[in-house]
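J.: Residue numbers for the sequence shown, in my numbering: 6 to 326.
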Amino acid sequence: MNATSSPVLTVENLSLAAGDLVLTEDVTFSIAPGEMLGLVGESGCGKSVTALSILRLLPEPPLRIAAGRILFGGRDLAALSPGAMGRVRGGEIGMIFQEPMTSLNPVFTIGDQIAEPLIIHRGMKRAAALTRAAELLDLVGIAEPRAALARYPHQLSGGQRQRAMIAIAIACTPKLLIADEPTTALDVTVQAQVLGLIAKLRRELGLACLLITHDLGVVSQVCDRAMVMYAGRIIEEGPVKTLFSSPRHRYTRALVDTIPARNLPGARLPAIPGQVPAPGARGKGCAFVERCNAPLQRCATSMPPFARDPIRALACWNPVQ
Ligand SMILES: Nc1ncnc2c1ncn2[C@@H]1O[C@H](COP(=O)(O)OP(=O)(O)O)[C@@H](O)[C@H]1O
Ligand SMILES: [Mg+2]
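1. Would ILE147 count as contacting chain C if we go by Cβ distances under 8 Å?
2. Can you tell me which residues fall inside 7 Å of ligand 2, judged by beta-carbon distance to its nearest heavy atom, and keep chain order?
3. Can you list, in chain order, the residues of its chain whose CB lies under 7 Å from that of HIS159, leaving out five sequence neighbours each side?
4. For GLU209, count the other beta carbons within 10 Å of its own beta carbon; 16 or more makes it buried, fewer makes it exposed. Which is it?
5. List the residues that DSSP assigns as beta-bridge partners of VAL32.
6. Starting from VAL139, follow its DSSP beta bridges and name the residues at the other end.
7. Specify the secondary structure class of ARG267 as computed by DSSP and reduced to three states.
8. Just reading off the alpha helix (DSSP H) that PHE249 is part of, what are its end residues?
9. Hey, THR188 and VAL223: beta-carbon distance below 8 Å or not?
10. Is it buried or exposed, ARG267, if we count other Cβ atoms within 10 angstroms and call 16 or more buried?
11. Rounding to the nearest angstrom, what Cα-Cα distance links PRO150 and PRO252 in this structure?
12. Let me check one thing: in DSSP terms, what residues is GLY43 bridge-paired to?
13. Would you say GLY237 and VAL27 are within 8 Å of each other, going by their C-beta atoms?
14. Could you tell me which residues DSSP puts in a beta bridge with ARG313?
15. What three-state label does DSSP hand GLY99 in the structure shown?
16. Relative to the C-alpha of LEU135, which residue among ALA148, ILE119, ASP143, GLY211 is closest?
17. Let me know the secondary structure DSSP gives ILE183 once reduced to three states.
18. Terminal residues of the continuous beta strand (DSSP E) containing ARG61?
19. Buried or exposed: LYS52, going by 16 or more other Cβ atoms within 10 Å of its Cβ?
20. Using 10 angstroms around the beta-carbon of ALA184, count the other beta-carbons present and answer buried if the total reaches 16, otherwise exposed.
21. Taking the C-alpha atoms as reference points, what is the distance between GLY211 and THR306?
22. Over the uninterrupted beta strand (DSSP E) stretch that includes ILE115, give me the two end residues.
23. Closest by CA to PHE311, which one among ALA139, VAL233, PRO282, THR194?
24. Rank ALA320, ILE264, HIS219 by C-alpha distance to the C-alpha of GLY43 and give the top, closest one.
25. CA-CA distance, GLY335 and ILE98?
26. Which same chain residues, not among the five before or five after PRO282, have their C-beta less than 6 Å away from its C-beta?
27. Do VAL54 and THR29 have their C-beta atoms closer together than 8 Å?
28. Excluding the five sequence neighbours on either side, which residues of its own chain have a C-beta within less than 6 Å of the C-beta of ARG156, listed in chain order?
29. Report the residue from ALA259, THR178, ARG303, ALA23 whose alpha carbon sits nearest the alpha carbon of ARG137.
30. Compute every distance between the C-beta of LEU28 and the non-hydrogen atoms of ligand 1, then say whether any falls below 7 Å.
Encoded structure:
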């Protein structure tokens, strides 16, 4: 992180629960201005609930923020009122999700959907907002942007829909973009184009981004730093190059080993044997112990602390040397 600039977002000891069930625990990280931070881990690890909690979009109840703080622009989002949170969401923090067809509204044109946040958050008149919407469509690489304004979501391809979602997300020039599996539903070529677009926006707009994916290959293409999540906890964090060249947690190691040669985006991860333990089925120690190839006795009984050095952080009793 750049020492001279304070983080855009700091998440401190965040724990999420569903009733009595602990979903994520003690999640701590921050994102510097303009930084691209990856969050990776297998399905069910708690990536999406973490993203949703930052936006205060958790289905509350049954889900809730059980502990921790989410500091953004001098406020704790975990304690913000729904009204104040509505101004942050879409205005100061943009978001894109895996399936644009469920996030886009089928009965409104693309133009109106991009114009909406500009009208709500920036007080623009509809005509001016539509002009800006066309510029945004051009920025995200949609051909003939003026004509595209009048189209409905079903009239666009999957890749175009994801580009339109990104245009909506960045319409109000947010400081932070949260992207949850933004390319998972796309074919390999389009996936690479959308990742290229996110990288371009980050360069041109100085946008910080939390990029969530189950695919370490995706992270390696565009992120500066990454966190690896396992069974609701961050177990390793560091610069992407370091994580790749010398993973220290054996789960990170296993993820790296499953990346196909040349990191082809979209290639499916061969499964790591075993399964992520469900919330409620985790023991007192490290949740990876059952799948680990070098467990010590204490790994099953005692939770390794998340220890930080100047470059990286790790929670493991017996790291790869
Ligand atoms: N609405 C919900 N009610 C209860 N449990 C949930 C709900 N949503 C997610 N979970 C649980 O939270 C855990 C984390 O889920 P999720 O964040 O979607 O994982 P990921 O995005 O890493 O695949 C999973 O065990 C999932 O079953
Ligand atoms: Mg998810």
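Heads up, the beta-carbon is just placed ideally off N, CA and C, and yes, glycines get one too.
T.: Well, looking at it:
1. Judged by its chain identifiers, the structure shown contains no chain C, having just a single protein chain.
2. SER48, LYS52, SER53, ASP185, GLU186, ILE217
3. As a first step, residue 159 is located in the sequence shown; it is residue number 154 there, counting from the start. Result list for HIS159: PRO111, in chain order.
4. Your numbering for residue 209 matches position 204 in the sequence shown. Exposed.
5. Within the sequence shown, residue 32 is the residue found at index 27, counting from 1. DSSP lists LEU19 as partners of VAL32.
6. Within the sequence shown, the letter at position 134 stands for residue 139. Position check: residue 139 holds Ala in this sequence, whereas Val was assumed. In the DSSP output, where bridge partners are listed per residue, ALA139 has none listed.
7. For the purposes of this step, residue 267 is taken as the residue at position 262 of the sequence shown. For ARG267, the predicted structure reports a pLDDT of 46, less than 50, and the residue's modelled location is therefore unreliable. A value from the coordinates is still provided. Three-state DSSP puts ARG267 in a helix.
8. Along the sequence shown, read from residue 1 onward, the residue named residue 249 stands at position 244. 245-250 is the span of the alpha helix (DSSP H), which, as asked, contains PHE249.
9. For the purposes of this step, residue 188 is taken as the residue at position 183 of the sequence shown. For the purposes of this step, residue 223 is taken as the residue at position 218 of the sequence shown. Contact: yes.
10. If you number the sequence shown from 1, residue 267 lands on position 262. A caution first: ARG267 carries a pLDDT of 46, below 50, which makes its placement in the model unreliable, though a value can still be read off. Exposed, because fewer than 16 other Cβ atoms sit within 10 Å of the Cβ of ARG267.
11. As a first step, residue 150 must be located in the sequence shown, where it is residue number 145. As a first step, residue 252 must be located in the sequence shown, where it is residue number 247. Cα to Cα, the separation comes out at about 44 Å.
12. Locating residue 43 in the sequence shown gives position 38, where the first residue counts as 1. Checking the DSSP bridge columns, you'll see GLY43 partnered with LEU216, ALA231.
13. Sequence index remark: in the sequence shown, residue 237 carries index 232 (1-based). Sequence index remark: in the sequence shown, residue 27 carries index 22 (1-based). Cβ distance < 8 Å, so GLY237 and VAL27 count as in contact.
14. Numbered from 1 along the sequence shown, position 308 holds the residue referred to as residue 313. According to DSSP, ARG313 bridges with ALA318.
15. For the purposes of this step, residue 99 is taken as the residue at position 94 of the sequence shown. It is a strand residue.
16. The residue labelled residue 135 in the question sits at position 130 within the sequence shown. Nearest option by C-alpha distance: ILE119.
17. Residue mapping note: residue 183 aligns to position 178 of the sequence shown, counting from 1. Looking at ILE183 - three-state DSSP - the assignment turns out to be strand.
18. Position 56 of the sequence shown, counting from 1, holds the residue named residue 61. Per DSSP, ARG61 belongs to no beta strand (DSSP E) and is neither H nor E.
19. On the sequence shown, residue 52 is found 47 positions in, with the first residue counted as 1. Classification for LYS52: buried.
20. Start at 1 with the first residue of the sequence shown, and residue 184 comes out as number 179. Counting Cβ neighbours within 10 Å, ALA184 comes out buried, since at least 16 surround it.
21. Reading the sequence shown from its first residue, position 206 is the one you call residue 211. Reading the sequence shown from its first residue, position 301 is the one you call residue 306. C-alpha of GLY211 to C-alpha of THR306: approximately 44 Å in a straight line.
22. Your numbering for residue 115 matches position 110 in the sequence shown. Per DSSP, ILE115 belongs to no beta strand (DSSP E); it is in the alpha helix (DSSP H), 115-127.
23. As a working mapping, residue 311 is identified with position 306 in the sequence shown. Measuring C-alpha to C-alpha distances from PHE311 to each of ALA139, VAL233, PRO282, THR194 identifies VAL233 as the nearest.
24. Translated into the one-based positions of the sequence shown, residue 43 becomes position 38. Of ALA320, ILE264, HIS219, the residue nearest in Cα terms is HIS219.
25. Examination of residue 335 is not possible in this model, given that the chain is present from 6 through 326 alone.
26. Within the sequence shown, the letter at position 277 stands for residue 282. Around PRO282: ALA236, ALA292.
27. What you label residue 54 is simply residue 49 of the sequence shown in a count that begins at 1. What you label residue 29 is simply residue 24 of the sequence shown in a count that begins at 1. Yes, Cβ-Cβ distance for VAL54 and THR29 is below 8 Å.
28. In the sequence shown, residue 156 corresponds to position 151, counting from 1. Taken in chain order, the residues that qualify are ILE115.
29. Position 132 of the sequence shown, counting from 1, holds the residue named residue 137. Nearest option by C-alpha distance: THR178.
30. Against the sequence shown, residue 28 aligns to sequence position 23. For ligand 1, at least one heavy atom lies less than 7 Å from the Cβ of LEU28.
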